[in-house]
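Trainee:
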Amino acid sequence: METFCETVQFYLRHLEDSVYPVMPEDQFALKLFPMYRYFLTVKLGVIKSLKPMLNLLLPRDALRDQVYDSLPLLLAGYQGSLEALFITRVLRQILEMSFITSSPVPQMQLHIIFTELHVQESPRAARGVCSRAPAQQRFSSQNLAEIVHSFIAPARSYPKELMQFFLSQMEMSKEAIRVGTLALIGQW
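First residue of the sequence shown? That's 1 in the UniProt record's numbering, and the numbers climb one at a time after it.
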């Protein structure tokens, strides 16, 4: 769909060069809106269905491993064009359900999750010094609230690991990272 929409935009920028019948921008928009509405509905449905799904998957060893093995792909979405709020909500649900089902996240992946969430949050205080997500997604109040809530489940499940992570962030030389860490802790 992304490629299709980019192609349509290219087509619209070069309408005057077209030798074929021309479809104006309004007609494209009218045809795309039902797909947009469908994708939005599906996305909201995905978010709502995750907790019940994870409740069934995480207690089973083989399936839990597969869920946790997919975390790097999900986290890579922060650097891509996926919406940061969507990724943060999915991560939050995985962390919450890992606590509820007593299905611990592997230590290595836990550190990566902490780091990615922290990178998303820190620029709020530092305005972009250490973040890679697009600013309009990263700084949305909804995403920042989700990030704060995403750290609550690990605080219950992995207090030692989380405090070690925060301490390592406080020991960094960049003031912006330290300020972001303190701001995050202050939100609790």
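Positions of the beta carbon are idealized from the N, C-alpha and C atoms, including for glycine.
Can you look up Thr-3 in the DSSP assignment and give me helix, strand or coil?
Mentor: Helix.
Trainee: Could you pull out every residue in the same chain whose Cβ sits closer than 7 Å to the Cβ of Thr-115, ignoring the five residues on either side in sequence?
Mentor: Hits under 7 Å: none found.
Trainee: Counting C-beta neighbours from all protein chains within 10 Å, is the total for Glu-6 16 or more, i.e. buried, or is it exposed?
Mentor: It counts as exposed.
Trainee: Taking only runs of the alpha helix (DSSP H) that begin and end inside the UniProt domain "MROH2B-like HEAT-repeats" (58 to 185), which ones reach a length of at least 4 residues, in chain order?
Mentor: You should have 61 to 69, 71 to 76, 84 to 100, 107 to 121, 123 to 126, 135 to 138, 141 to 150, 152 to 157 and 159 to 170.
Trainee: Which whole-angstrom value is the C-beta distance of Gln-109 and Tyr-68, which I expect to be below 8 Å?
Mentor: Indeed they touch by this definition, with Cβ atoms about 6 Å apart.
Trainee: Given this structure, state the Cα-to-Cα distance separating residue 190 from Asp-61, to the nearest angstrom.
Mentor: No answer is possible for residue 190: it lies beyond the span of the chain, which begins at 1 and ends at 188.
Trainee: Whole beta strand (DSSP E) runs in the region 8 to 64 with 3 or more residues, listed along the chain?
Mentor: Qualifying beta strand (DSSP E) stretches: none in this window.
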